[in-house]
Structure formats: C-alpha cells, structure tokens
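J.: Encoded as structure tokens, here's the structure I'll be asking about.
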Amino acid sequence: MKRTIIVISVLIPFLTHAQNTLYFMDRLPQSSNYNPAIVPNARFFIGLPGLGGYSAQAYNSGFHYNWLDNFIESVGNEGYNPDAVVRSIGNYNRFFSETRGNILSFGFKRKEKGYFLFNASINSSSKMEVASDIVYLLTDFDDIAPDDFPIVVDDIDLLTNNYLSLGFTYSHIIDDNLTLGITPHINFNLMGIQTKNISYSVNRQEMGNDDYDYDQSFTGEVILGLYGEINPDAVEGNILNLEEGLLPDNWPENTRFSDLFRNKSLSLDIGATYKLNEWMFSASVLNIGASHWKTNGYILNGNSNDEITIRENEKIKIGIPPQIYLGAKRQFSEKWNYAFLFHNTFYKGGSNASATLSLNGEIGKILSTSVSYTAGYKFDNIGLGFRLRFLPGTDLFFITDNVIQSINYKNAYRLSAAVGINLSFGIKNETPGVDG
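According to my numbering, the residues represented by the sequence shown are 276 to 711, in order.
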C-alpha cells in the first residue's frame, strides 16, 4: 500500500513544460504549442522523431530535495523534533508538474496566408495539494517515534493526466495586423487519477520481539482511468486488495499496441496575435476539453473498515488543466525585441500563475538567444535560451526558465528545461527585407 501511494503521489508527477522563455524566441516552431496563431518563420520544418523537443517543469512549494533528504535521515534522531520541522512547511504542500515529449512534428506554409502544423506528442500534467504531514509517508516508519502514531494525512487532492495527443494546427493571417490559429487535438488517454476527500492513515501495531506492523488505509474516493485492465487477482467481489498489485505482473508483455488507442477524447487550443506598428500582442487558451475513459475506468472508495471497494467498467472523465497565455512584444531594432508574458494554469480550487520579462534576438545567422526573468510560484529566477544552427538547416535548442536553480538543483523548488533539434528551410526574418 505504501509503495503504491508513494508512486501515485510523488513519482508520477515527476514523469513530467517549459517554457515562458521559449514563447517569444526567434526561429523556434515549438512556440506554436503555446499559441497556435504564432506562425513559424520557415516555409517548412520538421521536428526530428524522438529528438524534436522535450520540455518539463516541476514545482514543489514546501520543500526541496536536500530538505527531504535531511528530514528522512534525522527523523529518528534523539532531540530532533520532526513535528516542528514539518510545521515550517505550512499547513499544505503544493506540487505542480508538466511534461511534453515530441514523437513527430512538421509544418509548412500554405500559400501566402496559411500555415499547417502536425504534432504527435506524449503529455503529462499533475497537481497535488496535501497536508504537509505527507512527508512522514516518505520515511521509514521504524524511525518514527511511537508517540507520533497514528499518522494521519488529510485533504489529499491529486489530479494527474497522461495521454498521447495528435494535434492539427492551422494558422491564418487575416490581414496585416491580425492572425488567428486553432489546434484540435485527438487525445488517446493512458492514465488519469483524480481524488476526492482522501485521508490516509498509518497505525503502528506491536507484533512482539521488538517487531512492529503498520496498518495503512485510506478513506475517500479515487477516480482511476487506465489503458489496460486492473489486476484481476487483486479483486474479490467488489473488494480491491492493493497488496496484490494494481496491475498484473505481466502487464508490459500483455499490453497490445492497440490498447494505447482505446480511450479517445478531444481537446482544443485557440489563439490570436495582433500587430500594431512595432508591437505584437498575443493571447491563447489551451486544453479546452477533458479526458474520457469508456473502458478501464474505475472508482475506488476507501472506508473506515480498512476496505477498498471498487466499481469497474465505469465511464469516467478527468480534466486537463486549461491554460492561458497573454503576451506583448516590441521590436525595438532590426534583430532584437523585448517582451512580457503572463501564464496561468487553472485547477479546481486554484491556479498556478507566473509572469516573464524577456530580451530576445539574433546574434548573426546561426544563433538566436533569449534572456528572461520570471516571477511566480516560490521562485524568482533568470532564464536563458539558445538556438544554434550547427548544420545547414539544422537547429539545436536548449531553454530553461531557471538557470540558478538548475545548477543548484538539490535546493531548487522549481526546475524547468526544454531541448530538441529542428530541421527548417526557407527561413525569412520577421523584419521585412532581412533574409535568414
């Protein structure tokens, strides 16, 4: 049980987008992932399969890696007061994460005013808000003082969604000022978890000869969507025994390729840009929609009798957190601009906002760069982005919103990075009359 909860609440989120810094960078078609109205300035591009772009970000509000490592090592030491240390986190710990992995992407200009893009990607997003006592579940229970039992972690609010997405973007230049874009997605849903009113408890029981057993249980509801069936050996009647394992032992070997495409749903991104003299204003809304499971949907309920009841073959829906981007960019010279970007991700009962100031431009024909400052979450950090043309038509890019915390990652509350390789041809600079 403990292993299952740790995997769900801690590891899944880390399988996890930057970047605010990426949004306004020159010659990066990936900007259209954040606003479908941003038209790539290349007649044709392709993101190399498996190399065309990976982005990830993770944020934890209450503690970083070194804090947790020190807590685990010290919790059993004489004179150490773990309750006081946990209270220093605050009442709640909040965790957010996103990832996007490119499978294949390409785009091409359609006549003079249209642009079409296709993108296949693996996506993951997670949000968890939970009482700060969650850190006790990550320790060795034998190190915790007997007086600290039972351990009760209330208000576990978890939402995680993992899916394969096929996106079809069309951008259209309406006139010299306005451009509109839309991206319908076909999503193939792999795994989703949503909890309601979860409380998790651990009780210590003496077994004799200085041996102890730990009785773990939860109350509340878990909505679970999978691409395969739950372990049939773990279900007896309507009772689920997690000690048998949530998935069958041989599930990797028995998973068929067609299983990944069993549960389909739709989502939508929309965006617009408007040019006014040397300014460009932009706005987009992403992830309009939700994930649906018509097969392999389950509802689990924990009760005070230490039983987990399960309802199988339920039709369930798990949300994809919607996002908005609002931006403004001023081209103050032929190759340089400065920009402001506001980004917010919305969750049930809250949101996750940040704001970025950036300086973006070209250094010769082979290098584009961006320097940014981002504020939000619990971080204030400097970001950097580079796009290097290291072979004809071939660009390597690396971007992070958090240079300092990326270097000192064990003390970081937030980490982000994006990296990839593009092939692009027929590039023309945004500044009229300047060819790339």
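All C-beta atoms in this analysis are idealised placements derived from N, C-alpha and C, irrespective of residue type, glycine included. Small disclaimer: the values here were computed from a predicted structure and weren't measured.
Measure the C-alpha to C-alpha separation of residue 331 and residue 590 and round it to an integer number of angstroms.
T.: Numbered from 1 along the sequence shown, position 56 holds the residue referred to as residue 331. Numbered from 1 along the sequence shown, position 315 holds the residue referred to as residue 590. Distance between the alpha carbons of residue 331 and residue 590 is about 30 Å.
J.: Reducing DSSP to helix, strand and coil, say where residue 288 ends up.
T.: Here the question's residue 288 lines up with position 13 in the sequence shown. Because the pLDDT at residue 288 is just 36, under 50, the model does not fix this residue reliably, and the point stays unresolved.
J.: If I'm right that residue 444 touches residue 392 with Cβ under 8 Å, what's the distance once you round it to whole angstroms?
T.: Here residue 444 refers to the residue found at position 169 of the sequence shown. Here residue 392 refers to the residue found at position 117 of the sequence shown. Indeed they touch by this definition, with Cβ atoms about 4 Å apart.
J.: For the alpha helix (DSSP H) containing residue 679, list its first residue and its last residue.
T.: The sequence position of residue 679 within the sequence shown is 404, counting from 1. Unbroken alpha helix (DSSP H) run through residue 679: 678-682.
J.: Would residue 406 and residue 557 qualify as a contact pair, given that the criterion is a beta-carbon distance under 9 Å?
T.: Taking the sequence shown and counting its residues from 1, one reaches residue 406 at position 131. Taking the sequence shown and counting its residues from 1, one reaches residue 557 at position 282. No, Cβ-Cβ distance for residue 406 and residue 557 is not below 9 Å.
J.: Are the segment 301-316 and the segment 371-391 in contact at 8 Å, needing three or more beta carbon pairs?
T.: A contact exists between the segment 301-316 and the segment 371-391.
J.: Check each candidate in 319, 543, 533, 410 and name the one with the smallest Cα separation from residue 595.
T.: Residue 595 sits at position 320 when you count from the first residue of the sequence shown. Selected option, being the one with the closest Cα: 543.
J.: Residue ranges of each beta strand (DSSP E) run of no fewer than 3 residues wholly in the segment 549-619, ordered along the chain?
T.: If we require 3 residues or more, the beta strand (DSSP E) runs fully inside the segment 549-619 come out as 554-568, 572-577, 583-586, 591-594, 598-606.
J.: Could you please give the first and the last residue of the uninterrupted beta strand (DSSP E) stretch that includes residue 417?
T.: Walking along the sequence shown from the start, residue 417 turns up at place 142. No beta strand (DSSP E) contains residue 417, which DSSP labels as neither H nor E.
J.: For residue 284 and residue 628, what's the separation of their Cα atoms in angstroms?
T.: Taking the sequence shown and counting its residues from 1, one reaches residue 284 at position 9. Taking the sequence shown and counting its residues from 1, one reaches residue 628 at position 353. In this prediction, residue 284 has a pLDDT of 39, which is less than 50 and means its spatial position is unreliable; nothing more can be read from the coordinates.
J.: Tell me the residue span of the alpha helix (DSSP H) that contains residue 347.
T.: Indexing the sequence shown from 1 puts residue 347 at position 72. Run containing residue 347: 340-349, per the alpha helix (DSSP H) assignment.
J.: Look up residue 529 in the DSSP assignment and say whether it is helix, strand or coil.
T.: What you label residue 529 is simply residue 254 of the sequence shown in a count that begins at 1. Of the three classes helix, strand and coil, the one that applies to residue 529 here is helix, per DSSP.
J.: For the candidate residues 578, 546, 455, whose alpha-carbon lies nearest to that of residue 563?
T.: Translated into positions along the sequence shown, residue 563 becomes position 288. Considering only alpha carbons, the answer is 546.
J.: Taking all protein chains shown into account, do 16 or more other C-beta atoms lie within 10 angstroms of the C-beta of residue 436, making it buried, or fewer, making it exposed?
T.: Here residue 436 refers to the residue found at position 161 when the sequence shown is read from its first residue. Label assigned to residue 436: buried.
J.: Report the three-state DSSP secondary structure of residue 424 (helix, strand or coil).
T.: Residue mapping note: residue 424 aligns to position 149 of the sequence shown, counting from 1. Reduced to three states, the DSSP call for residue 424 is coil.
J.: Classify residue 410 as buried or exposed, calling it buried when 16 or more other Cβ atoms lie within 10 Å of its own Cβ.
T.: Sequence index remark: in the sequence shown, residue 410 carries index 135 (1-based). Counting Cβ neighbours within 10 Å, residue 410 comes out buried, since at least 16 surround it.
J.: How many Å lie between residue 641 and residue 505 at the Cα?
T.: One-based indexing of the sequence shown puts residue 641 at position 366. One-based indexing of the sequence shown puts residue 505 at position 230. Each residue's Cα considered, the two are about 51 Å apart.
J.: If contacts are defined as beta-carbon pairs under 8 Å, then residue 503 and residue 571 qualify, I think. What distance do you get, rounded to the angstrom?
T.: On the sequence shown, position 228 is the one that residue 503 refers to. On the sequence shown, position 296 is the one that residue 571 refers to. Correct: roughly 6 Å between the Cβ atoms.
J.: How many angstroms separate the CA atom of residue 689 from the CA atom of residue 679?
T.: Locating residue 689 in the sequence shown gives position 414, where the first residue counts as 1. Locating residue 679 in the sequence shown gives position 404, where the first residue counts as 1. If you take the alpha carbons of residue 689 and residue 679, they lie about 10 Å apart.
J.: CA-CA distance, residue 304 and residue 432?
T.: In the sequence shown, residue 304 corresponds to position 29, counting from 1. In the sequence shown, residue 432 corresponds to position 157, counting from 1. Rounded to the nearest angstrom, the two C-alpha atoms are 35 Å apart.
J.: What beta strand (DSSP E) runs, 3 residues minimum, are completely inside the segment 330-410?
T.: 367-385, 389-406, all fully within the segment 330-410.
J.: Express the C-alpha separation of residue 608 and residue 668 in angstroms, rounding to a whole number.
T.: Taking the sequence shown and counting its residues from 1, one reaches residue 668 at position 393. Taking the sequence shown and counting its residues from 1, one reaches residue 608 at position 333. Looking at the two C-alpha atoms, the distance is approximately 25 Å.
J.: Please name the residue or residues paired with residue 497 in a DSSP beta bridge.
T.: Taking the first residue of the sequence shown as 1, we reach residue 497 at position 222. Looking at the DSSP assignment, residue 497 forms a beta bridge with 470, 575.
J.: Could you tell me which residues DSSP pairs with residue 504 in its beta bridges?
T.: Position 229 of the sequence shown, counting from 1, holds the residue named residue 504. Note: residue 504 sits in no beta bridge, so no partner.
J.: Say whether the segment 360-375 touches the segment 325-340, bearing in mind that this needs 3 or more beta-carbon pairs closer than 8 Å, one atom from each stretch.
T.: Taking 8 Å as the limit for Cβ pairs, the verdict is that the segment 325-340 does touch the segment 360-375.
J.: Sort out for me which residues DSSP pairs residue 314 with in a bridge.
T.: As a first step, residue 314 must be located in the sequence shown, where it is residue number 39. Its beta-bridge partners do not exist; DSSP assigns none.
J.: Provide the residue(s) that pair with residue 464 in DSSP beta bridges, ordered along the chain.
T.: Your numbering for residue 464 matches position 189 in the sequence shown. 438, per the DSSP bridge assignment.
J.: Can you list, in chain order, the residues of its chain whose CB lies under 6 Å from that of residue 328, leaving out five sequence neighbours each side?
T.: Indexing the sequence shown from 1 puts residue 328 at position 53. Closer than 6 Å at Cβ, skipping near neighbours: 305, 322, 377, 695.
J.: Would residue 710 be called buried (16 or more neighbouring beta carbons within 10 Å of its own) or exposed?
T.: The count along the sequence shown starts at 1 and reaches residue 710 at position 435. Confidence at residue 710 is low in this model, with a pLDDT of 36, below 50, so its placement is unreliable and the value that follows should be read with caution. Residue 710 comes out exposed.
J.: With a cut-off of 8 Å, do at least 3 Cβ pairs link the segment 469-482 to the segment 525-545?
T.: As far as the Cβ criterion goes, the segment 469-482 does not touch the segment 525-545, which means the pair count is below three.
J.: Suppose you measure from the CA of residue 568 to the CA of residue 465; what does that come to, to the nearest Å?
T.: As a working mapping, residue 568 is identified with position 293 in the sequence shown. As a working mapping, residue 465 is identified with position 190 in the sequence shown. Cα to Cα, residue 568 sits roughly 9 Å from residue 465.
J.: Within a Cβ cutoff of 6 Å, which residues of the same chain sit near residue 380, ignoring the five residues on either side of it in sequence?
T.: For the purposes of this step, residue 380 is taken as residue 105 along the sequence shown, with counting starting at 1. Excluding residues within five positions, the ones whose Cβ falls inside 6 Å are 322, 327, 394.
J.: According to DSSP, simplified to helix, strand and coil, what is residue 685?
T.: For the purposes of this step, residue 685 is taken as the residue at position 410 of the sequence shown. If DSSP states are grouped into helix, strand and coil, residue 685 belongs with the helices.
J.: State the beta-bridge partners of residue 486 as determined by DSSP.
T.: For the purposes of this step, residue 486 is taken as the residue at position 211 of the sequence shown. Residue 486 is bridged to 483.
J.: Spell out a yes or no on whether the segment 508-518 and the segment 572-584 are touching, meaning 3 or more CB-CB pairs, one atom from each, closer than 8 Å.
T.: Counting Cβ pairs under 8 Å, three or more are found: they touch.
J.: According to the neighbour-count rule (16 or more other Cβ atoms, all chains shown, within 10 Å of its Cβ), is residue 540 buried or exposed?
T.: Within the sequence shown, numbered from 1, the residue matching residue 540 stands at position 265. That one is buried.
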